[in-house]
Amino acid sequence: DFPGVCCRMAAFTLLRDDILVNNTDFQKTAMELLAFDDYAFETMPAPYMTEEYLAAFENFFAPIPTNTSTDREVQKKVLEQALEDRGIRFENSDLKFIGMVGHNTADEANPVLTIDHAGVIYEKNGSVYLLEKLAFQEPYQWIEFPSEEEIIKYFESKYNLDSTGNSAEPIYMINDTLV
872 DFPGVCCRMA
882 AFTLLRDDIL
892 VNNTDFQKTA
902 MELLAFDDYA
912 FETMPAPYMT
922 EEYLAAFENF
932 FAPIPTNTST
942 DREVQKKVLE
952 QALEDRGIRF
962 ENSDLKFIGM
972 VGHNTADEAN
982 PVLTIDHAGV
992 IYEKNGSVYL
1002 LEKLAFQEPY
1012 QWIEFPSEEE
1022 IIKYFESKYN
1032 LDSTGNSAEP
1042 IYMINDTLV
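For what it's worth, the working numbering labels the leading residue of the sequence shown as 872, then goes sequentially.
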């Protein structure tokens, strides 16, 4: 019954001591968007994380209430404010979090921003490496890139699949820097 590990779970596990959520007192909405993640945690053959880390995972990945504006800059400001309100900070590490934040307008009355895909960046000897978990039942992937910008282009080509025009273009997070 265990579906496997997804990209969010893999990235957070590697960076769980580097991702700080200093304010957990915020309204959580649309948590059903993390239902598959929750199910995976519940059905793991052995505990994957402590209750403290599971709470931090939920607080970090909790969808962010927003509006229906398709203006990326408007959504970027909403995301910046949410990161500040939640007190999300990244400790110094040789590893960096990268996330593609999508604008989910499927429920027009309750649009949200969600981290739709996540990975880990590692830099060494002038190269930039991406470790990503492709999907629950898919393998991990380790790819070398010349720059972080090229990773964003890769994410854009592979994961930016909205063709409706009802959503803002994705926002990319590299730690707490929004691109």
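For glycine and all other residues, C-beta sits at the position ideal for the given N, C-alpha and C.
Assignment of beta-bridge partners to ALA989 by DSSP yields GLY970. In the structure shown, VAL983 adopts extended strand secondary structure according to DSSP, grouped into three states. Collapsing the DSSP output to three states places SER1028 in a helix. In terms of Cα proximity to LYS967, the closest of MET880, CYS878, MET1044, GLY875 is MET1044. Contact check for VAL1050 against ILE1023 passes: the beta carbons are separated by less than 8 angstroms. Selection PRO936, ASP889, ASN1046, GLY875 evaluated against ALA917 yields GLY875 as nearest (Cα-Cα). Per the coordinates, the alpha-carbon of ASN996 lies some 22 angstroms from the alpha-carbon of GLU962.
Residue state for LYS948 is assigned as helix, using DSSP reduced to three classes. If you ignore the 5 residues before and after THR976, its C-beta comes within less than 7 angstroms of the C-beta of THR939, PRO982, ASN1037, SER1038, all in its own chain and listed in chain order. Comparing alpha-carbon positions, the option among ARG957, GLU979, PRO934, LYS899 lying closest to ASN893 turns out to be ARG957.
Here LEU950 is near ILE1042, since their CB atoms are less than 8 angstroms apart. Its chain contains ILE935 as the residues whose beta carbon lies nearer than 6 angstroms to that of ALA953, once the 5 sequence neighbours on both sides are disregarded; these appear in chain order.
Listed in chain order, the non-local C-beta contacts of ASN930 below 7 angstroms within the same chain comprise VAL892, THR895, ARG957, local neighbours out to five positions each way being set aside.
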